[in-house]
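Below: one structure, written as structure tokens.
There are 4 protein chains.
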Amino acid sequence: MLTTKTAEHIQEQKATSPNTLRVGVIGYGYWGPNLARNISEVNGAELIQVVDQDPKRQTLAKKRFPHIQTASGIESLIHNSKIDAVFITTPISTHYEIAKAALEAGKHVLVAKPLAASSKEADELVRLADKHKRVLMVDHTFIYTRAVQKIKEIVKRGELGDIYYFDSVRVNLGLFQQDLNVVWDLAPHDLSILMYVLEKEPLSLIATGARHSHSQIENMAYISMELARTIMAHLHVNWLAPVKVRLTMICGRKKMLIYDDLEADEKIKVYDRGIEVSKNNKEGLYKTLIEYRTGDMYAPNIEKVEALKLECEHFVECVQEGRRPITDGHTSLKVVRIL
Amino acid sequence: MLTTKTAEHIQEQKATSPNTLRVGVIGYGYWGPNLARNISEVNGAELIQVVDQDPKRQTLAKKRFPHIQTASGIESLIHNSKIDAVFITTPISTHYEIAKAALEAGKHVLVAKPLAASSKEADELVRLADKHKRVLMVDHTFIYTRAVQKIKEIVKRGELGDIYYFDSVRVNLGLFQQDLNVVWDLAPHDLSILMYVLEKEPLSLIATGARHSHSQIENMAYISMELARTIMAHLHVNWLAPVKVRLTMICGRKKMLIYDDLEADEKIKVYDRGIEVSKNNKEGLYKTLIEYRTGDMYAPNIEKVEALKLECEHFVECVQEGRRPITDGHTSLKVVRIL
Amino acid sequence: MLTTKTAEHIQEQKATSPNTLRVGVIGYGYWGPNLARNISEVNGAELIQVVDQDPKRQTLAKKRFPHIQTASGIESLIHNSKIDAVFITTPISTHYEIAKAALEAGKHVLVAKPLAASSKEADELVRLADKHKRVLMVDHTFIYTRAVQKIKEIVKRGELGDIYYFDSVRVNLGLFQQDLNVVWDLAPHDLSILMYVLEKEPLSLIATGARHSHSQIENMAYISMELARTIMAHLHVNWLAPVKVRLTMICGRKKMLIYDDLEADEKIKVYDRGIEVSKNNKEGLYKTLIEYRTGDMYAPNIEKVEALKLECEHFVECVQEGRRPITDGHTSLKVVRIL
Amino acid sequence: MLTTKTAEHIQEQKATSPNTLRVGVIGYGYWGPNLARNISEVNGAELIQVVDQDPKRQTLAKKRFPHIQTASGIESLIHNSKIDAVFITTPISTHYEIAKAALEAGKHVLVAKPLAASSKEADELVRLADKHKRVLMVDHTFIYTRAVQKIKEIVKRGELGDIYYFDSVRVNLGLFQQDLNVVWDLAPHDLSILMYVLEKEPLSLIATGARHSHSQIENMAYISMELARTIMAHLHVNWLAPVKVRLTMICGRKKMLIYDDLEADEKIKVYDRGIEVSKNNKEGLYKTLIEYRTGDMYAPNIEKVEALKLECEHFVECVQEGRRPITDGHTSLKVVRIL
């Protein structure tokens, strides 16, 4: 599990850090500015260059980080010998080409999720990274949140008992990119959380979706999966919902957990509730053989730290120490295969 | 749509009501006491007898309604010439036999949902009621809530525009009867609301469910339906959830509606939100052809009246005026067919 | 603390109960029907008569309880030798006269809160009950809720540490009686909870209120109290609020508790949060001497039982066993004195 | 009322802006980084220098804005001729000295709220700003939120009718500065909102507060104010609450408004609820002369823009166009006087 140094620790470390990781960001649209801001604040890293086709976006980046270089094409960045690592937040269809070029130029790479538009492409990127001994990390930001780390811990120590199901609703109004459907946009979050927390992969899958008359791409989908013979998983992803919901239920034989990412303080609630099979059935008609148990609920305290910052720190550490990231190409490849 | 007299009106009517409908209740377990209490408070009706196999339940009924008769077997009630109507809240497997006997004895009948355990049985009950010219009503209580009536009104006047989808989550911990699975227990609520509000029936259906090791019957299910070519419906019903959720989203081209039955005051929220196709796409990479529109939300005031009381009143009116109930055997037959 | 038999226990007890307490209810307006329904369902008690000036209300009572007597004047009830106890839910200004007559006629008495319109009247009723050796109980219903019982238990075992403050907001739109202001209507709830849970009485009090142009009586008030030298209590009671709020915070040195009576399941939340004085202050300008501690939260499971039923059972037990009620005249007298 | 250009507009304007306002920030603790980030992103402004006594904070600032100067003492900034404006976010006790020096050096000044530690000091700063014809703005950030702007608009157009009361609860766990009590920390927010929205000042005031044994300073307070003869205002500010609450009710004769700043989407709800005096009272005992009216609720859509950015833009405009800020020294002086 991810262990992170305290802010104090990091600040002190900074002064002594010998080699600074020099980073370039490709794509300064919706997510790029967040990556740029976080990596620029991480000790041991420095933001050097931002690339975006749109001059307006370049101006914004320059305004925000007056000391960096900006450019329209990726060439100047890929072949910039002063850059050690490339963060890619361009449309999915371009991930493969850009990541390939960067890896081949010897850069470490962080790619926005999902890794690539097909499992063939994803597979090749994973092999390229291995071949060139470079870090290839995929930006599954949720894995780095304190909440998901806490859920992993609770599940791993068996507090929930045997897992019965994983149910997730991730809906809101609107999308951010035009070259993918809702499943490619939203489902990677839940799939990566699901596989990370339960350490299981889907065996079978049924998906139903809808595109509405105005649109060529699906804007809502329901995905049912079987994880093991007894574990059911279900995702509801939707761009056409009036309100934002990010709600996951993980229910086990012993306890049940609800993760509401929109709650400020009580993101995780663990309910001491479940069922027990009773031996006999004296009461007759109105009692059942199954007993429902209702106990207390508790909400573990979750430290407030920006996940993207922890993720950027993790990237820097993986490069410095030659470690494999939690969300490396291999795990992300599985997500792409499912999609 | 249901129009209901005000409480004042009803009270005055009572004195002048010529023929009182004399009612017997069969089954005094979980739901029977509610039916008994409500029918005993409706003008134009009188509770005469309660039947239950369990002597303890008879004692409870007698304590609560000292003036009524109680019995163990249904015979005394079915052949009681002082009784005009029978309310049946026994396990589903017995609905058919009891309702058949009651209809053939010339009684009007209210049956707990679902009408019967098979569409063959349901079909025969519908025909029997028609043949004997008796009222056969099914207790789809939600249809009589002010909230569902308001939703019907909003959808009918076209406020939401063309409907895109109907999504409902109805989960909680625990079940009330041992002879049916979660779909037969919970889904009739959503199916009856769905068909009543949208005036459409499912064309196709995919369901996935799970029974967990302890149990012989499904305790959770996901049901995807196609209502018309462009309308998708999805139900999540679950007895194994840590918290109670009753949440329905109905989204249309123009507006979107959320119905949260657990909210005290703001059960229905209508969002002036949606999508519009934009004609051109000057902005390039980061803008999409689809525009999302976010406007105000409003929550219509919902009068607080017990739905079961309105339903009992509706039953009495249908008998007195020879009218067909909103939730008659025909509509409930459709629900049973889908199940 | 209140201990209550399980439903099973009570049912069995019923058959063996020797002497049934025969009860009459005076006042069948807003609250009377609730008292009548609950006492009629309690083992060891029987509803005999309902008195109300309004013939319409009598008709409603008769419809609901066909076996009881109804009357307009209290005389027939007070002097009815078949009645052992009187429940009084008339306007406050009449409590004294009616309760006095009932006690002098040898009846046990339950009075709606507050006990009387002045502490002089309340004081005399308390003395009368003592003199005639009759139970005089005041209907502070909240004290009998499982939630308040649980809070009492948590505070009593010292889980919160030394209490710092008690803050309660009890607001909604509308009032139920015309002869009292908002303080007399709503504050008795909080005062009775406050004194029951903390076992302390206010030493000093500042109240500010407002009546708006349309009204002769206060419709909102803020009350600040000092309970002990270090405990502060504050009530906000209001009839002119757009939403209903019933929220109490009890904060102690070790933990903090929130009681939200409108929550279905998680009425009580206990937060392991607080402050600690740190010894030194090395960090300088931006650190303070006081450390804030943020830990987990838990919500104890609260059994769902109607408080009014428990209260009616408690009344019957007190009469049968000659015990003093939790909410006897003495405690209620303190509430009236504060008001 | 504040009118703000759209993001598009601002971006284009940037290229053409002739004179850039050069800004220095004094104090880089909790709030300083937010001010620095926002002013650095505003068109027409540039961040030049950050001053903080703590070398660690200087390092953080330099990491974040590599192109700026940092220093320990304010002298280098105050006498830096390349700086046009100074943002002050130091402890309150130092506001007066620093702001005075800056104004006398011809700088425009933005000061964190409250303006100064006494009304005498505040008064002198206001006079100094007038004398030197410099902008003196106080950072009452809430005034610049879209939510408060919307509330102002709703109240100003008379939608709520005559105002009856303003009730605000602003509680949380923890404080940020050690040299002031909870009233000086939290109440300025509500006082500035209150006076801005209602355009009225308190006529009288009662405050009760508590400091707990560990502490020399008040950590909770209740403040009751009379605004006009019929308008009541009440604030509850508290550093020792288990949860964060920011909830304001503004109730008028016609409608009622709730502002919940912690809601993501529905920050403002307007309830068509109120009271009406009825002419007669035929019903007798259980009806009152006052009728309560319950209608629909609506939640106006609130655009999501960072208030601090709008505030920084407003500061730049006021300097460029010689305008008086919405939250100028005069209004803030009133807040200080009340405190």
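Protein chains in written order, with my numbering: chain A, 22 to 360; chain B, 22 to 360; chain C, 22 to 360; chain D, 22 to 360.
A virtual CB, placed ideally from N, CA and C, is assigned to each residue, including glycine.
Small disclaimer: the values here were computed from a predicted structure and weren't measured.
Residue-level contact to chain C via CB, residue i, 8 Å cutoff
i, result
"residue 241 of chain A", "no"
"residue 287 of chain A", "yes"
"residue 321 of chain B", "no"
"residue 249 of chain D", "no"
"residue 261 of chain D", "yes"
"residue 88 of chain B", "yes"
"residue 47 of chain D", "no"
Contact with chain D by residue i, beta-carbon distance below 8 Å
i, result
"residue 265 of chain A", "yes"
"residue 62 of chain A", "yes"
"residue 317 of chain B", "yes"
"residue 345 of chain C", "no"
Secondary structure of residue i, DSSP reduced to three states
i, result
"residue 329 of chain A", "helix"
"residue 120 of chain D", "helix"
"residue 305 of chain A", "Here residue 305 of chain A scores only 46 on pLDDT, less than 50, and its place in the model is too uncertain to base an answer on."
"residue 319 of chain B", "strand"
"residue 161 of chain D", "coil"
"residue 43 of chain A", "strand"
"residue 128 of chain D", "coil"
"residue 113 of chain C", "helix"
"residue 144 of chain B", "helix"
"residue 387 of chain D", "With chain D running from 22 to 360 in the structure shown, residue 387 of chain D is simply not present."
"residue 150 of chain B", "helix"
"residue 290 of chain D", "strand"
"residue 347 of chain C", "coil"
"residue 285 of chain C", "coil"
"residue 138 of chain D", "coil"
"residue 358 of chain B", "helix"
"residue 30 of chain C", "Because the pLDDT of residue 30 of chain C is 37, which lies under 50, any placement of that residue in the model is unreliable, and the number read from its coordinates should be weighed accordingly. DSSP places residue 30 of chain C in helix when its eight states are reduced to three."
"residue 297 of chain D", "strand"
Min CB distance residue i to chain A below 8 Å
i, result
"residue 283 of chain D", "yes"
"residue 195 of chain B", "yes"
"residue 41 of chain B", "no"
"residue 129 of chain B", "no"
"residue 355 of chain C", "no"
"residue 84 of chain D", "yes"
CB contact below 8 Å: residue i versus chain B
i, result
"residue 229 of chain A", "yes"
"residue 255 of chain A", "yes"
"residue 330 of chain C", "no"
For residue j and residue i, believed in contact at Cβ under 8 Å, the rounded distance
i, j, result
"residue 346 of chain C", "residue 156 of chain C", "6 Å"
"residue 290 of chain C", "residue 246 of chain C", "Going by Cβ atoms, the distance from residue 290 of chain C to residue 246 of chain C rounds to 24 Å, so no, they are not a contact pair."
"residue 107 of chain B", "residue 123 of chain B", "4 Å"
Q | Minimum length 4: unbroken alpha helix (DSSP H) runs contained in the segment 217-278 of chain B | A | You should have found no qualifying run.
Q | Unbroken stretches of the beta strand (DSSP E), 3 residues or longer, contained in the segment 52-102 of chain D | A | Correct list: 66-72, 90-92.
Q: With 7 Å as the limit, tell me which residues of the segment 69-80 of chain B have their beta carbon closer than that to any beta carbon of chain A; keep them in chain order.
A: Within the segment 69-80 of chain B, the residues whose Cβ lies closer than 7 Å to some Cβ of chain A are 74, 75, listed in chain order.
Q: Identify every run of the beta strand (DSSP E) within the segment 173-207 of chain B, keeping only runs that are complete inside it and at least 3 residues long; order them along the chain.
A: Fully contained in the segment 173-207 of chain B are the following beta strand (DSSP E) runs of length 3 or more, in chain order: 184-194.
Q) the segment 176-192 of chain D: which residues have C-beta closer than 7 Å to a C-beta of chain C, in chain order? A) Residues of the segment 176-192 of chain D that bring their beta carbon within less than 7 Å of a beta carbon in chain C comprise 185, 186, in sequence order.
Q. In the segment 155-176 of chain D, which residues sit with their C-beta less than 8 Å from some C-beta in chain A, listed in chain order?
A. So nothing in the stretch comes that close.
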